[in-house]
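> Pasting in a structure now, in structure tokens, and then I'll have a few things to ask.
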Amino acid sequence: METISERNIKCGAAKPTGGRMEILALQKILEIAATRKFKRTVIFTDYKNAVGALKLNWIAHWDEKNYVGIKHPYLWKSIHDLSRQVKFVVYKIKAHANIAPQETADQLAKGFLPKNIPDFNNYFKKGSE
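Residue 108 in full-length UniProt numbering is what sits at position 108 of the sequence shown, and the numbering runs on without skipping anything.
So this is what it looks like as structure tokens:
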């Protein structure tokens, strides 16, 4: 498994909120996976809406309803389009559980550049898929 640990991958918003940044990060990883033609992408997230949208397929229902009542519909539409181009699996992880890669993602979301980006391979048990 390859871990994307590039520091030059950036995304942001003019008026960032926690939820919006989580959605942008999700959009960015799917965009990278599609562009680089990854065979399979593993997404770890503590964001409930990301898990629901992609793992529980809420996004298909939102799309059928034209994203009415959904915050940031243009982002979710983009994610839905990208998700059809990429083979992926989503894992829910507990927030603020001192999981090194998750803490790194939180730091990046807040605009900090961590000194080290941990390798997810140390946190992913082979055969647990």
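Here a beta-carbon is modelled for each residue, glycine too, at the ideal position from N, C-alpha and C.
Who does Tyr91 pair with in a DSSP beta bridge?
Against the sequence shown, residue 91 aligns to sequence position 91. According to DSSP, Tyr91 bridges with Phe44.
> Cα separation between Gly19 and Lys77?
As a first step, residue 19 must be located in the sequence shown, where it is residue number 19. As a first step, residue 77 must be located in the sequence shown, where it is residue number 77. Rounded to the nearest angstrom, the two C-alpha atoms are 15 Å apart.
> For Gly52, tell me which candidate among Arg84, Ala97 and Tyr91 has the shortest Cα-Cα distance.
Mapped onto the sequence shown, residue 52 falls at position 52. If we check each option's Cα against that of Gly52, Tyr91 comes out closest.
> Once DSSP output is grouped into helix, strand and coil, what is the label at Gly19?
Working through the sequence shown from its first residue, we reach residue 19 at position 19. Gly19: helix per DSSP, three-state reduction.
> What is the rounded straight-line gap between the Cα of Glu31 and the Cα of Ala25?
As a working mapping, residue 31 is identified with position 31 in the sequence shown. As a working mapping, residue 25 is identified with position 25 in the sequence shown. Using only the alpha carbons, I get a separation of about 10 Å.
> Report the option in Ala60, His61 and Ser83 whose CA atom is closest to the CA atom of Thr41.
Working through the sequence shown from its first residue, we reach residue 41 at position 41. For the residues Ala60, His61 and Ser83, the minimum Cα distance to Thr41 belongs to Ser83.
> With the cut-off set at 8 Å, would you say Ile43 and Phe88 are in Cβ contact?
Mapped onto the sequence shown, residue 43 falls at position 43. Mapped onto the sequence shown, residue 88 falls at position 88. Going by C-beta atoms, Ile43 is nearer than 8 Å to Phe88.
> Round the Cβ separation of Thr45 and Ile93 to the nearest angstrom and send it over; I've been treating them as touching at under 8 Å.
Locating residue 45 in the sequence shown gives position 45, counting from the first residue. Locating residue 93 in the sequence shown gives position 93, counting from the first residue. About 7 Å separates the two Cβ atoms, so the contact holds.
> DSSP state of His72, grouped into three classes?
For the purposes of this step, residue 72 is taken as the residue at position 72 of the sequence shown. If DSSP states are grouped into helix, strand and coil, His72 belongs with coil.
> What residues in its chain sit with their C-beta under 7 Å from that of Leu54, if we drop five residues either side in the sequence?
The residue given as residue 54 occupies position 54 in the sequence shown. The answer, listed in chain order, is Ser83 and Val90.
> Start and end of the alpha helix (DSSP H) containing Ala60?
The count along the sequence shown starts at 1 and reaches residue 60 at position 60. Segment Trp58 to Glu64, the alpha helix (DSSP H) holding Ala60.
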